[in-house]
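Structure, as structure tokens:
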């Protein structure tokens with residue numbers, strides 16, 4: 163019994179020493195690790211530029227987070243580059259150029275006591291900063307924005323931050339954004355439109371679907387079973403806008419489809435693993 167008590171006392175002593183050592187290590191970490199800064203994306207104001215409207219804007223709402231409640235921020239530098247995704251006439255992509263610098267005065271106190279501010283850039287400003295001519299831009303081209311946050315101690319944070327901080331669901335601090343140049347919706351041809359479905363395995367689309375929205379009213383179409391099928395929908399006279407979006411199912415690698423307008427044009431042609439929740443119609447072609 164005495165031996166048991168002796169061993170128990172030794173074990174408790176070792177445990178206490180270990181806990182004390184761990185506490186000291188944690189204290190050292192908090193005392194010596196330098197804290198950084200993140201620019202959390204609170205809201206996306208606009209994610210694209212209208213190809214026909216140089217006053218259209220891309221923008222996000224940013225929140226500054228650091229250990230001093232945003233007081234460590236000296237400035238935010240914003241750089242832009244042009245990404246030419248339509249290179250038939252040569253690749254016109256550019257390097258980065260500084261487009262705007264934000265100071266702490268551009269932020270106001272938000273609901274959580276942290277600085278918040280809107281960063282907005284017009285299509286005209288992006289063109290001027292990159293030196294790209296208006297006539298050289300096509301639908302699908304992009305402008306890439308990269309942010310640098312400089313602290314009062316001179317340190318700089320940008321999009322090389324750790325992935326858990328840069329892209330976490332709450333922090334959402336990528337320091338990098340893309341604005342795609344898009345064409346506004348065109349008026350669809352009234353009449354009967356046709357959807358042709360295919361499934362390579364032959365068991366239908368497994369809850370995947372095409373969502374057709376006409377003037378705000380959405381309807382889902384799918385292939386319930388089999389290797390192929392056809393359905394139709396009607397665009398009424400006077401309709402002003404149509405959208406077609408793919409929603410993901412269980413086996414997207416099996417699905418493909420075409421959509422044919424009432425004017426006979428094939429306006430959607432998707433292959434296996436189509437992009438989900440993105441517009442499938444290319445309004446720039448003006449072929450609806």
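Residue numbers (the working numbering): 163 to 450. Ideal Cβ positions, reconstructed from N, Cα and C, are used throughout, including at glycine.
Buried versus exposed call for residue i [16 or more other C-beta atoms within 10 Å across all chains shown]
{"i": "residue 207", "result": "exposed"}
{"i": "residue 234", "result": "buried"}
{"i": "residue 263", "result": "exposed"}
{"i": "residue 265", "result": "exposed"}
{"i": "residue 232", "result": "buried"}
{"i": "residue 225", "result": "buried"}
{"i": "residue 419", "result": "buried"}
{"i": "residue 305", "result": "buried"}
{"i": "residue 346", "result": "exposed"}
{"i": "residue 434", "result": "exposed"}
{"i": "residue 398", "result": "exposed"}
{"i": "residue 324", "result": "Confidence is the limiting factor: at residue 324 the pLDDT is only 41, short of 50, which leaves the residue's position unreliable, though a coordinate-based value still follows. By the 10 Å Cβ count, residue 324 comes out exposed."}
Helix, strand or coil at residue i according to DSSP, with G and I counted as helix
{"i": "residue 282", "result": "strand"}
{"i": "residue 249", "result": "helix"}
{"i": "residue 266", "result": "helix"}
{"i": "residue 415", "result": "helix"}
{"i": "residue 441", "result": "strand"}
{"i": "residue 192", "result": "The predicted position of residue 192 is uncertain, since its pLDDT is 32 and thus under 50; a value taken from the coordinates is nonetheless stated next. Reduced to three states, the DSSP call for residue 192 is helix."}
{"i": "residue 287", "result": "helix"}
{"i": "residue 447", "result": "helix"}
{"i": "residue 384", "result": "coil"}
{"i": "residue 274", "result": "coil"}
{"i": "residue 187", "result": "With a pLDDT of only 33 at residue 187, under the threshold of 50, the placement of this residue in the model should not be trusted, and no figure is reported."}
{"i": "residue 337", "result": "coil"}
{"i": "residue 292", "result": "helix"}
{"i": "residue 434", "result": "coil"}
Beta-carbon gap between residue i and residue j smaller than 8 Å
{"i": "residue 360", "j": "residue 382", "result": "no"}
{"i": "residue 310", "j": "residue 202", "result": "no"}
{"i": "residue 430", "j": "residue 421", "result": "yes"}
{"i": "residue 380", "j": "residue 410", "result": "no"}
{"i": "residue 261", "j": "residue 244", "result": "no"}
{"i": "residue 364", "j": "residue 385", "result": "no"}
{"i": "residue 424", "j": "residue 354", "result": "yes"}
{"i": "residue 279", "j": "residue 270", "result": "yes"}
{"i": "residue 394", "j": "residue 428", "result": "no"}
{"i": "residue 255", "j": "residue 307", "result": "no"}
{"i": "residue 281", "j": "residue 216", "result": "no"}
{"i": "residue 236", "j": "residue 276", "result": "no"}
Endpoints, the beta strand (DSSP E) within which residue i is located
{"i": "residue 355", "result": "353 to 361"}
{"i": "residue 300", "result": "No beta strand (DSSP E) contains residue 300, which DSSP labels as neither H nor E."}
{"i": "residue 225", "result": "219 to 228"}
{"i": "residue 310", "result": "304 to 313"}
{"i": "residue 400", "result": "Where residue 400 is concerned, there is no enclosing beta strand (DSSP E), given that its DSSP letter is neither H nor E."}
{"i": "residue 255", "result": "From DSSP, residue 255 is part of no beta strand (DSSP E); its letter is neither H nor E."}
{"i": "residue 200", "result": "199 to 208"}
{"i": "residue 371", "result": "371 to 376"}
Short CB-CB distance (under 8 Å) between residue i and chain B
{"i": "residue 364", "result": "Of the protein chains in the structure, only one exists, and it is not chain B."}
Determine, using beta-carbon pairs with one atom in the stretch 392 to 408 and one in the stretch 340 to 354, whether at least three such pairs fall under 8 Å.
-> yes
State whether the stretch 245 to 260 contacts the stretch 313 to 321, with contact taken as three or more CB pairs (one from each stretch) at a distance under 8 Å.
-> no
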